[in-house]
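All remarks here apply to the structure that follows.
Encoded structure:
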């Protein structure tokens, strides 16, 4: 119908909900935001830049079971691969409460029985990059990163943790 809506009626755009500034972001979301902020600094190292091509993934499982995750980079295949590795790392930390790599060391040294955690040896990830974090109440936040060298996967999480109000859980 010509002339509709009438010229004096202004249609407004749909509103998008805006998070209340009074509601704090959960620690998992803050951890991912800080990891994203740190990524360019870590990509300055030629080995990590070459290995990742700027592609990586980070995951966090909160004590409530809430999952936060992010894929970095533009290569979908590489992002999917990193996500899969990060997923294996974070679920192992979530199930065991131990860092990846360290859990396997303790099992193979006979100091832990993997059966009590419901993790079978063929399912061990073995690589570093899964880190048990905790909040001030001591609740476990399982975190993992994949894309860089294992030691750098761990470092980016441990450097981001304090900004999210988290710290590395001591298990030994």
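Numbering (full-length UniProt numbering), first residue to last: 1 to 172. Even glycine gets a Cβ: it sits at the ideal position worked out from N, Cα and C.
Query raised in the report: From residue 157 to residue 171, what distance separates their C-alpha atoms?
Result: 17 Å
Query - Contact check, residue 133 vs residue 109, beta carbons under 9 Å - result: no
Query raised in the report: Between residue 47 and residue 146, what straight-line distance do the alpha-carbon atoms span, to the nearest angstrom?
Result: Those two C-alpha atoms are separated by around 14 Å.
Query raised in the report: Would DSSP call residue 114 helix, strand or coil?
Result: Here residue 114 sits in helix by DSSP.
**Report entry** Alpha carbon of residue 130 to alpha carbon of residue 154, nearest angstrom
**Finding:** 7 Å
Query raised in the report: Name the DSSP bridge partner or partners of residue 228?
Result: Past the edges of the chain, shown from 1 to 172, lies residue 228, and the structure says nothing about it.
Query raised in the report: What do you get for residue 10, buried or exposed, if any count of 16 or more other CB atoms within 10 angstroms of its CB means buried?
Result: With a pLDDT of 47 at residue 10, under the threshold of 50, the modelled position of this residue cannot be trusted; read the value that follows with caution. Burial call: exposed.
Report task. For my contact list, residue 118 and residue 27 are in at a C-beta cut-off of 8 Å; report their separation, rounded to the angstrom. Result -> Wrong, their Cβ atoms sit about 25 Å apart, outside the cutoff.
**Report entry** residue 31, enclosing alpha helix (DSSP H) - first and last residue
**Finding:** Residue 31 -> alpha helix (DSSP H) spans 27-42.
**Report entry** CB of residue 159 within 9 Å of CB of residue 25, strictly
**Finding:** no
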